[in-house]
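Reading through the structure tokens given below for one structure.
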Amino acid sequence: MTSSRKPTAERQEEILDAAARILARDGVASLTIATLAKEVGVTTGALFRHFDTRDAILVALAERTAEQLRADLVETKHEEPSAALRAFIAARMGTVTKSPTAPLMVLSPDVHLALPPKGREALAATVRETFEHVAKIVARGQSEGAFREDISPQSAAGVVLGAMALRALQRVVAPRALATEHPADALLTLLSPLTKKAPKSS
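So, in structure tokens, the structure goes:
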């Protein structure tokens with residue numbers, strides 16, 4: 002065990018990084034104070050100086066994940082809707098690549114059952130914001146004739162986020178099964194108008 006003292010913020014990030022590794026590698030049931038202290042290389046007493054309980058660690062991990070996901074929701078009203086949607090998809094898939102624990106935090110029933118209410122709500126709020134963000138892009142695309150109008154913005158947002166969730170989980174559990182096509186290409190094809198509108202006569 003290391004006895005070196007690090008600044009509190011640095012040590013807390015180190016603990017959360019270790020918790021994320023255990024979660025992705027061994028599942029939430031394996032995330033105990035003992036295994037976490039061993040992963041970090043400190044005593045359990047040192048760990049408790051930064052987080053009072055395992056629940057506190059899980060909440061902090063959920064809040065950090067929510068913050069990472071929220072950073073993808075960049076205002077893109079000046080971009081064409083298809084470009085805005087593509088930018089969001091690229092940003093979110095980039096976040097998932099850098100933080101493979103994120104899809105597990107959001108999508109795993111085991112993690113949700115283990116999370117205290119404060120952690121669940123932090124993730125749920127980000128999911129709601131993400132849904133509203135995508136639905137707003139789709140609605141703008143429909144109003145501008147860029148996206149098909151026979152599906153509601155909310156349903157379209159569900160399709161987009163469902164496809165992305167599947168891709169994100171594949172990165173964690175079955176990376177070799179990933180399709181070579183970028184997810185944005187297929188989603189934008191599905192959202193394209195079924196027929197092109199004739200230009201308005203002057």
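The sequence shown begins at 2 in the numbering used here and counts up one residue at a time.
Beta carbons: idealized from backbone N, C-alpha and C, even for Gly.
Below 8 Å CB to CB, which residues in the same chain sit around residue i once its five sequence neighbours on both sides are set aside?
{"i": "residue 16", "result": "37, 41, 48, 51, 52, 58"}
{"i": "residue 65", "result": "17"}
{"i": "residue 157", "result": "135, 136, 139, 148, 192"}
{"i": "residue 108", "result": "166, 169, 170"}
{"i": "residue 80", "result": "88"}
{"i": "residue 184", "result": "90, 94, 164, 165, 168"}
Starting from residue i, trace the alpha helix (DSSP H) in both directions and tell me its first and last residue.
{"i": "residue 100", "result": "No alpha helix (DSSP H) contains residue 100, which DSSP labels as neither H nor E."}
{"i": "residue 113", "result": "110-115"}
{"i": "residue 144", "result": "118-144"}
{"i": "residue 55", "result": "55-71"}
{"i": "residue 45", "result": "45-49"}
{"i": "residue 195", "result": "Counting along the chain, residue 195 falls outside any alpha helix (DSSP H), and DSSP gives it neither H nor E."}
{"i": "residue 39", "result": "34-41"}
{"i": "residue 152", "result": "It is not in any alpha helix (DSSP H) - residue 152 carries neither H nor E in the DSSP assignment."}
{"i": "residue 17", "result": "9-27"}
In chain order, what residues of the same chain have a beta carbon less than 7 Å from the beta carbon of residue i, not counting five sequence neighbours either side?
{"i": "residue 162", "result": "131, 132, 135"}
{"i": "residue 113", "result": "121"}
{"i": "residue 97", "result": "103, 104, 169, 172"}
{"i": "residue 2", "result": "For residue 2, the pLDDT reaches just 44, beneath the cut-off of 50, and the residue's location in the model is therefore unreliable, leaving the point undetermined."}
If residue i and residue j are in contact, beta carbons under 8 Å, what's the gap, nearest whole angstrom?
{"i": "residue 45", "j": "residue 34", "result": "5 Å"}
{"i": "residue 189", "j": "residue 87", "result": "7 Å"}
{"i": "residue 123", "j": "residue 63", "result": "5 Å"}
Excluding five sequence neighbours on each side, which residues of the same chain lie with their C-beta closer than 6 Å to the C-beta of residue i?
{"i": "residue 102", "result": "21, 24, 25"}
{"i": "residue 29", "result": "111, 112, 115"}
{"i": "residue 142", "result": "82, 148"}
**Prompt:** Pairing CB atoms from the region 62-75 with CB atoms from the region 86-97, are three or more of them under 8 Å?
**Reply:** Yes: the two stretches touch, three or more of their Cβ pairs being nearer than 8 Å.
**Asked** Between the region 146-162 and the region 185-196, are three or more C-beta pairs nearer than 8 Å?
**Response** Touching, yes, given that three or more Cβ pairs across the two stretches are closer than 8 Å.
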